[in-house]
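Okay, structure first, notes after.
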Amino acid sequence: MAAQRLLVDVHSHVYLPRYASFLRSRTSAPRIFSRPNPNPLANGKSEERLLILDNEPSVGRPIGPQYWDREEKLKFMDRHGIDISIISSANPWLDFLPASTAHELARELNTDLETYCSTAPSLASAPSLKRLYGFGLLPLVTFASMTSLLDTIDQILTLPHLRGIIMGTKGVGRGLDDPALEPVWHVLAQSGLVVFLHPHYGVDGQAWGEQENGHVLPLALGFPFETTTAITRMILSGVFDRHPTLHVLLAHSGGTLPLLSSRLASCIAHDPIVASRLQHDARHYLGKLYFDAVAYGAEELGFVSDAIGRAGAFTNPNPNPSEGEGVVGHTANSRGVGLEVRRIVGSARMLFGTDHPFFPPLEETERWMSVVENLDAIDGVDGWGQEEKDAVRGGNALKLFGLS
Ligand code: URA
Ligand code: ZN
Numbered sequence: 378m379a380a381q382r383l384l385v386d387v388h389s390h391v392y393l394p395r396y397a398s399f400l401r402s403r404t405s406a407p408r409i410f411s412r413p414n415p416n417p418l419a420n421g422k423s424e425e426r427l428l429i430l431d432n433e434p435s436v437g438r439p440i441g442p443q444y445w446d447r448e449e450k451l452k453f454m455d456r457h458g459i460d461i462s463i464i465s466s467a468n469p470w471l472d473f474l475p476a477s478t479a480h481e482l483a484r485e486l487n488t489d490l491e492t493y494c495s496t497a498p499s500l501a502s503a504p505s506l507k508r509l510y511g512f513g514l515l516p517l518v519t520f521a522s523m524t525s526l527l528d529t530i531d532q533i534l535t536l537p538h539l540r541g542i543i544m545g546t547k548g549v550g551r552g553l554d555d556p557a558l559e560p561v562w563h564v565l566a567q568s569g570l571v572v573f574l575h576p577h578y579g580v581d582g583q584a585w586g587e588q589e590n591g592h593v594l595p596l597a598l599g600f601p602f603e604t605t606t607a608i609t610r611m612i613l614s615g616v617f618d619r620h621p622t623l624h625v626l627l628a629h630s631g632g633t634l635p636l637l638s639s640r641l642a643s644c645i646a647h648d649p650i651v652a653s654r655l656q657h658d659a660r661h662y663l664g665k666l667y668f669d670a671v672a673y674g675a676e677e678l679g680f681v682s683d684a685i686g687r688a689g690a691f692t693n694p695n696p697n698p699s700e701g702e703g704v705v706g707h708t709a710n711s712r713g714v715g716l717e718v719r720r721i722v723g724s725a726r727m728l729f730g731t732d733h734p735f736f737p738p739l740e741e742t743e744r745w746m747s748v749v750e751n752l753d754a755i756d757g758v759d760g761w762g763q764e765e766k767d768a769v770r771g772g773n774a775l776k777l778f779g780l781s
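If you read the sequence shown in the working numbering, its first letter stands for residue 378, the second for the next number, and so on.
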């Protein structure tokens, strides 16, 4: 089916014009500031810089219209053959705001994003689809009231082009295993909105030493470690046992969770308090999650897909037999406890992404290395046939976001 061949980017960011203006009005990070452009070819013109990360070199990063201008987004998509993008606000979202302002700004930005998507062109090959859909924002800030969070989910549900929410790891100040978030998970699980879990803080900057390594260590390691910790805390607090229909999409292919999932399972099995709290082996939960394919390497994607698929062998029997579909056999764990074996296709839970407009090429090129590498990685996974590759490039996203 032609629609199954679409290229859909599920990891594509924007600083909406309202948010960019707000960052320009700030004098401390996160902020956008201007400075004289040091490039002699700039003829003394100023340039804008983005400063958002803790301990970031104070010159920040270059920023320009590709971060807020929708035409630039569409041009980027055209250059790379991307049919549809699911756009999310970029970090640090509203995390740093007081609860009193975060709620209203979340509502305004959600409306802005709906307009950004709904007024975009339709897809020529499937005119019932737009080229842009979005993840909304919740006012997930310290001391956020539950009313403000639930009210904003209700708002997002009225905005037809918003198909999920992007969320950092802070929650309402105590992380994503905070029992206070229970009503949020409940409503999100019922709603079908996809939760895109994305890092911002990295891990303790002390770990990066004193050598000047630019943004490499926080982005390459800190970001994925942060995602790993956040999703592991959610698993350990039983969120996926209580809300098995919650759809969580993990940035950067789930960080290190796939690689550490057996170690995590073993540590849990040796810890009676945690073991008795969870309904399943830790590896089971990988089969409940979605992973973007932003890993830049075929071997890594193949590994993630195998780790997800293996989740099917770690499910405790479902006490409700009517939900037993997908069970293809039975086995026992090392302690002789009976398990249901479910068929889980790892590639069916992985979705192409670019992280645009981050990782621009250092020199002008037609196609961005960050995009080409992610496409080549999908193409090069050993063991994925055409069907799996098409699914990861777009078919899975069409299903997950209800874009048929
Ligand atoms: N750098 C960021 O700050 N955010 C991203 O999403 C990617 C790179
Ligand atoms: Zn990103």
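For each residue, glycine too, the CB sits at the ideal point set by N, CA and C.
- Residue pairing of P413 in beta bridges, as defined by DSSP: S423.
- Cα atoms of C494 and L678: separation of roughly 30 Å, rounded to the nearest angstrom.
- Take H624, set aside five residues on each side of it, and the residues of its chain with a beta-carbon closer than 6 Å to its own are V571, in chain order.
- A check of alpha carbon separations from K547 across L527, Y578, D531 identifies Y578 as the nearest.
- Straight across, the Cα-Cα distance linking L780 with A774 is about 8 Å.
- In the displayed model, K776 falls within a helix according to three-state DSSP.
- Setting aside the 5 residues that flank it on each side, R456 is surrounded in the same chain by E743, R744, each with a C-beta closer than 7 Å to its C-beta; the list follows chain order.
- One Cα belongs to L539, the other to G550, and the distance between them is close to 25 Å.
- Counting along the chain, S614 sits inside no alpha helix (DSSP H), nor does DSSP assign it H or E at all.
- The C-alpha of V722 lies about 13 Å from the C-alpha of F680.
- When only Cα atoms are considered, S405 and L430 end up about 11 Å apart.
- For A768, the secondary structure class from DSSP, reduced to helix, strand or coil, is helix.
- In the structure shown, Y510 falls within a strand segment according to DSSP collapsed to helix, strand and coil.
- As for any alpha helix (DSSP H) of minimum length 4 sitting wholly inside the stretch 624-688, the runs are 634-646, 649-654, 675-687, ordered along the chain.
- In this structure, I543 lies near S465, with their beta-carbon atoms less than 7 Å apart.
- Ligand 1 never approaches D648 closely enough for any of its heavy atoms to be under 6 Å from the residue's Cβ.
- If you look at R447, you'll find it in the alpha helix (DSSP H) that goes 447-456.
- Between ligand 2 and the CB of D732, the shortest heavy atom gap is smaller than 6 Å.
- A contact is defined here as three or more CB-CB pairs under 8 Å, and the stretch 683-696 meets this definition with respect to the stretch 719-733.
- The beta carbon of K452 is closer than 7 Å to none in its chain, skipping five residues each way along the sequence.
- Counting every other CB atom within 10 Å of its CB across the protein chains shown gives N468 a total of 16 or more, marking it as buried.
- F617 and W562 have their alpha carbons spaced roughly 9 Å apart.
- In this structure Y673 touches A754 by the C-beta definition: roughly 6 Å separates them, less than 8 Å.
- Secondary structure remark: continuous beta strand (DSSP E) runs of at least 3 residues inside the stretch 546-619, in chain order: 571-574.
- Contact annotation: D554 and S614 have beta-carbon atoms nearer than 7 Å.
- Residue pairing for E717: DSSP places it in a beta bridge opposite T692, H707.
- Take the alpha-carbon of L728 and the one of N420: they are about 43 Å apart.
- At a cut-off of 6 Å, the beta-carbon of N432 does not count as near ligand 1: no heavy atom of the ligand is closer than that.
- In terms of side-chain proximity, the C-beta atom of F668 is found no nearer than 6 Å to any non-hydrogen atom of ligand 1.
- Relative to ligand 1, the beta carbon of N468 is positioned inside 6 Å of a heavy atom.
- Within the DSSP secondary-structure output, V385 pairs in a beta bridge with I461.
- Per DSSP, the beta-bridge partners of S499 are K507.
- Cβ atoms of G552 and D472 stay farther apart than 8 Å, at about 12 Å.
- Per DSSP, L526 is one residue of the alpha helix (DSSP H) stretching across 523-534.
- In the three-state DSSP reduction, H390 falls in the strand class (E or B).
- Taking the CA atoms as reference points, L383 sits about 8 Å from I459.
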